[in-house]
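Enquirer: In the working numbering, the protein residues as written are 4 to 366. The C-beta atom is built at its ideal place from N, Cα and C for all residues, glycine as well.
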């Protein structure tokens with residue numbers, strides 16, 4: 004796989020505080036690399052370093068096979084889409100054409116590219132509309148078309164949809180994903196939104212406190228977070244400390260408080276671990292309810308401490324010496340007559356557990 008952009012030993016400071024410390028990051032040609040993390044994690048700072056807009060106090064940015072590029076030549080190879088569209092006081096088509104005119108392309112080539120990208124982003128029927136009267140979604144479509152029509156080797160996107168309502172955002176995500184699939188355009192995409200990262204990224208780099216904690220294929224990051232901190236950010240509500248004490252029928256036996264868990268894994272006996280379990284992987288049964296035989300090997304008796312309404316779903320907080328969170332449908336809550344103080348059985352498969360080794364051995 005060909006590397007398009009390399010960052011080495013990048014350090015950025017604000018005063019005496021280090022806000023970004025990235026020893027190494029490579030962006031492969033044709034991939035969408037998502038920089039994912041909470042606000043203040045350093046995502047946008049890293050993007051601006053990659054764009055040449057911020058000079059780190061140490062480190063280097065290498066573009067493809069070009070070891071030395073002037074700032075102008077580097078920026079000609081990169082286009083950027085920001086959260087705010089930053090449009091000119093002109094029509095849609097003139098906004099899209101502006102970068103091409105600045106680069107000195109012939110009018111015929113400019114018109115062809117502008118027409119093509121307006122069509123791809125579904126704004127051709129409103130080409131003559133003025134930027135001042137565009138909706139947020141329309142303005143961002145113009146911004147995307149302007150970036151794509153430059154045909155740069157790399158596009159950088161900094162939270163481009165975070166200010167949009169959900170239906171508009173979803174429509175743009177669908178269109179953008181289709182464009183990436185057709186064009187193999189290389190992109191670094193910044194977001195704090197897990198759904199966006201999962202929807203659009205080929206790989207995901209999780210940034211926390213200015214450092215990359217995990218860099219993997221998108222599904223790998225979601226399914227197998229490498230640290231408890233990454234797991235928590237990825238929506239794994241249940242992170243329970245425990246220790247592996249045995250192996251039975253090819254299943255690890257794990258002690259957590261008074262409970263025994265069974266999980267799939269390859270971790271040495273005696274290792275202290277974090278048991279990671281997504282709330283949607285837990286099924287609740289009434290304490291006196293007969294449970295049909297199934298592959299769900301883990302049964303934990305719990306007491307309900309809180310029920311939080313989330314529309315079609317309810318987040319049920321449980322206590323069993325340790326805290327658990329389950330996500331169930333509103334219908335199930337009514338049918339099971341779930342309420343605070345009630346005892347229920349939390350049931351989940353061994354394969355639903357993801358184990359993270361703490362690196363410590365229980366003595």
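Can you give me the C-alpha to C-alpha distance between residue 181 and residue 33, rounded to a whole angstrom?
Expert: The sequence position of residue 181 within the chain shown is 178, counting from 1. The sequence position of residue 33 within the chain shown is 30, counting from 1. The alpha-carbon atoms of residue 181 and residue 33 are separated by roughly 14 Å.
Enquirer: Per the contact definition of three or more C-beta pairs closer than 8 Å, is the segment 55-68 in contact with the segment 85-98?
Expert: no
Enquirer: Write down every uninterrupted run of the beta strand (DSSP E) in the segment 14-45 whose length is 3 residues or greater and which is fully enclosed by it, in chain order.
Expert: 20-31 and 35-39
Enquirer: At what residues does the alpha helix (DSSP H) containing residue 219 begin and finish?
Expert: Position 216 of the chain shown, counting from 1, holds the residue named residue 219. Element bounds for residue 219: not the alpha helix (DSSP H) but the beta strand (DSSP E), 214-220.
Enquirer: Please confirm whether residue 37 and residue 183 have their CB atoms less than 8 Å apart.
Expert: Here residue 37 corresponds to residue number 34 of the chain shown, with the count starting at 1. Here residue 183 corresponds to residue number 180 of the chain shown, with the count starting at 1. Going by C-beta atoms, residue 37 is not nearer than 8 Å to residue 183.
Enquirer: When the Cα atoms are used, what is the spatial distance from residue 193 to residue 45?
Expert: What you label residue 193 is simply residue 190 of the chain shown in a count that begins at 1. What you label residue 45 is simply residue 42 of the chain shown in a count that begins at 1. Cα-Cα distance, rounded: 10 Å.
Enquirer: Give a yes or no on whether the C-beta atoms belonging to residue 7 and residue 81 are separated by under 8 Å.
Expert: The residue labelled residue 7 in the question sits at position 4 within the chain shown. The residue labelled residue 81 in the question sits at position 78 within the chain shown. Not in contact: residue 7 and residue 81 (Cβ atoms no closer than 8 Å).
Enquirer: Give me, in chain order, the residues of the same chain whose beta-carbon lies closer than 7 Å to that of residue 289; leave out the 5 immediate sequence neighbours on both sides.
Expert: Walking along the chain shown from the start, residue 289 turns up at place 286. Same-chain partners within the cutoff: 339 and 347.
Enquirer: Based on DSSP bridge pairs, tell me the residues matched to residue 264.
Expert: Position 261 of the chain shown, counted from the start, is the residue given in the question as residue 264. According to DSSP, residue 264 shares a beta bridge with 257.
Enquirer: Excluding the 5 residues flanking residue 24 on each side, which residues of the same chain have their C-beta closer than 7 Å to its C-beta?
Expert: Counting from 1 along the chain shown, the entry for residue 24 is found at position 21. Around residue 24: 14, 213 and 214.
Enquirer: By alpha-carbon positions, which one of 279, 345 and 283 ends up nearest to residue 291?
Expert: Translated into positions along the chain shown, residue 291 becomes position 288. Ranking the options by Cα distance to residue 291, first place goes to 345.
Enquirer: Can you give me the start and stop residues for the beta strand (DSSP E) that residue 346 sits inside?
Expert: Within the chain shown, the letter at position 343 stands for residue 346. First-last of the beta strand (DSSP E) with residue 346: 346-351.
Enquirer: Do residue 250 and residue 265 come within 8 Å of each other at the CB atom, strictly closer than that value?
Expert: If you number the chain shown from 1, residue 265 lands on position 262. If you number the chain shown from 1, residue 250 lands on position 247. In this structure, residue 250 does not lie closer than 8 Å to residue 265 by Cβ.
Enquirer: Name, in chain order, the residues that DSSP records as bridge partners for residue 244.
Expert: Working through the chain shown from its first residue, we reach residue 244 at position 241. The partner list for residue 244 (beta bridge, DSSP) reads 277.
Enquirer: Give the single residue among 239, 244 and 311 whose Cα lies nearest to the Cα of residue 355.
Expert: By 1-based counting over the chain shown, the position of residue 355 is 352. Of the candidates 239, 244 and 311, the one whose C-alpha sits nearest the C-alpha of residue 355 is 239.
Enquirer: Between the segment 88-106 and the segment 130-145, can you find at least three pairs of beta-carbon atoms closer than 8 Å?
Expert: yes
Enquirer: For a test of the three-state rule: what should DSSP assign to residue 203, helix, strand or coil?
Expert: As a first step, residue 203 must be located in the chain shown, where it is residue number 200. Reduced to three states, the DSSP call for residue 203 is helix.
Enquirer: What are the boundary residues of the beta strand (DSSP E) that includes residue 339?
Expert: Position 336 of the chain shown, counting from 1, holds the residue named residue 339. Where residue 339 is concerned, there is no enclosing beta strand (DSSP E), although the alpha helix (DSSP H) it sits in stretches over 333-339.
Enquirer: Taking 8 Å as the cut-off, decide whether the C-beta atoms of residue 358 and residue 278 are in contact.
Expert: Start at 1 with the first residue of the chain shown, and residue 358 comes out as number 355. Start at 1 with the first residue of the chain shown, and residue 278 comes out as number 275. Going by C-beta atoms, residue 358 is nearer than 8 Å to residue 278.
Enquirer: Between which residues of its own chain and residue 221 is the CB-CB distance below 8 Å, once the five residues before and five after are set aside?
Expert: Locating residue 221 in the chain shown gives position 218, counting from the first residue. These residues qualify, in order along the chain: 37, 200, 201, 204, 205, 206 and 207.
Enquirer: Taking the alpha-carbon of residue 12 as reference, which of 225, 170 and 53 has the nearest alpha-carbon?
Expert: In the chain shown, counting from the first residue as 1, residue 12 sits at position 9. Measuring from the Cα of residue 12, the nearest candidate turns out to be 53.
Enquirer: Can you give me the C-alpha to C-alpha distance between residue 76 and residue 228, rounded to a whole angstrom?
Expert: Here the question's residue 76 lines up with position 73 in the chain shown. Here the question's residue 228 lines up with position 225 in the chain shown. Their backbone Cα atoms lie some 38 Å apart in a straight line.
Enquirer: For the alpha helix (DSSP H) holding residue 121, just list the boundary residues, first then last.
Expert: Numbered from 1 along the chain shown, position 118 holds the residue referred to as residue 121. Its alpha helix (DSSP H) spans residues 110-123.
Enquirer: Could you say if the segment 146-165 and the segment 117-127 meet the contact criterion of at least three C-beta pairs nearer than 8 Å?
Expert: yes
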